[in-house]
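Structure, as structure tokens:
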Amino acid sequence: MTTVKTPADEAEARAIQDELRDRVVLDETGPLPGRGLVAGVDVAYDDERDLVAAAAVVLDAATLEPVGEATAVGHVSFPYVPGLLAFRELPTVLAALDALTVVPDLVVCDGYGLAHPRRFGLACHLGVVTGLPSMGVAKNPFTFSYGEPGARRGDSSPLLAPDGAVVGRALRTRDGVKPVYVSVGHRVSLDNACAHALALSPAYRIPETTRRADSLCRRALREAS
DNA sequence: GCGACAG
DNA sequence: ATCTTGTCGC
């Protein structure tokens, strides 16, 4: 059972990120696109009732057919603070991952990995505590900048931190549609992460993994007591 | 000091 | 994230 420490405050949360950051592995390429089992994770909130529902859905990367899924419901343990999203989402996400009966070869997160103020976003955190290769696909550029990529599916451009460092890639998954923002989490190369993101998005802007996880966690939240 | 800011 | 059905268009 993997878990995450719930910080008492924001300062402690940042300290935990600074401590865990060194454990991120960046010199592995990860599973090849279109091969193995890929999990998608997402969460839905009901702040009124103090509830969080997480879902993990595993797809066969070759066919995109689901081979496993699990959910978990918990209580909101941390407020939403940009840069500290992992402390809000991971406790319940890890519970859902633990409930899976299959072990994924890669986990796709709804958010960022290295594209983070301290280079330790949600996907890095998840990867480090589970040991699994992980990556992030976000719907918004957060505080990062990028040049508009070409208009065709598959076109991309570097996602840049304020200091000019490349922290990910703006990737067009559909012709003429706003790109998604891909960054490495743990034990995956940026090239492979982008190839996975593209292979997982044959019909919609968002990868099938997160689309499936999104609908599943919403259903779990509705059905939660 | 102020604003911006993944989900 | 969340409030939310049908509808316009390819």
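Numbering-wise (the working numbering), the first sequence opens with residue 243 and increments by one. Each residue gets a CB set at the ideal place from its N, CA and C atoms; glycine is no exception.
Please tell me whether residue i and residue j are closer than 8 Å, where the distance is taken between their beta carbons.
i, j, result
"A295", "L463", "yes"
"S457", "P449", "no"
"R411", "P400", "yes"
"L402", "F384", "no"
"V422", "A380", "yes"
"T244", "D347", "no"
"V246", "V371", "yes"
"G392", "R429", "no"
"V280", "H438", "yes"
"T452", "G316", "no"
"L342", "A304", "no"
"D500", "C459", "The chain is shown only over 243 to 467; residue 500 falls outside these bounds and no answer can be derived."
"R395", "R256", "no"
Quick one: Cα of residue i to Cα of residue j, how far?
i, j, result
"L301", "E307", "5 Å"
"C432", "P324", "Looking at the sequence provided, one finds Leu at residue 432 rather than Cys. Looking at the two C-alpha atoms, the distance is approximately 23 Å."
"F362", "G373", "15 Å"
"D397", "S376", "22 Å"
"Y287", "Y354", "19 Å"
"F320", "R330", "5 Å"
"L268", "R277", "20 Å"
"R416", "E390", "14 Å"
"A250", "E261", "16 Å"
"G427", "L336", "15 Å"
"D289", "D352", "19 Å"
"V419", "L413", "10 Å"
"E252", "I258", "10 Å"
"Y217", "V345", "This structure gives no information on residue 217, because the portion of the chain shown stretches from 243 to 467."
"P273", "G378", "15 Å"
"E465", "A338", "16 Å"
"H367", "V349", "12 Å"
"R291", "R461", "16 Å"
"L293", "Y322", "14 Å"
"T248", "C436", "31 Å"
"S467", "A314", "12 Å"
"L326", "G406", "22 Å"
"Y388", "E254", "31 Å"
Please report the residue range of the beta strand (DSSP E) in which residue i lies.
i, result
"G410", "408-413"
"G378", "376-380"
"L293", "293-302"
"P400", "398-402"
"Y354", "No beta strand (DSSP E) contains Y354, which DSSP labels as neither H nor E."
"E311", "308-317"
"L274", "Segment: none, L274 is in no beta strand (DSSP E) and carries neither H nor E."
Please report the Cβ distance between residue i and residue j, rounded to the nearest whole angstrom; I am assuming they are in contact, meaning their Cβ atoms lie under 8 Å.
i, j, result
"S425", "A328", "14 Å between Cβ atoms; not a contact."
"T271", "N382", "Their Cβ separation, rounded to whole angstroms, is 27 Å, which puts T271 and N382 out of contact at 8 Å."
"A441", "P275", "5 Å"
"V409", "A455", "Contact flag wrong, Cβ pair sits at about 24 Å."
In the DSSP assignment, find the alpha helix (DSSP H) that holds residue i and state where it starts and stops.
i, result
"D456", "450-464"
"H428", "That residue, H428, is in no alpha helix (DSSP H); its beta strand (DSSP E) goes 422-428."
"H367", "364-372"
"P333", "327-340"
"L440", "432-441"
"A255", "252-262"
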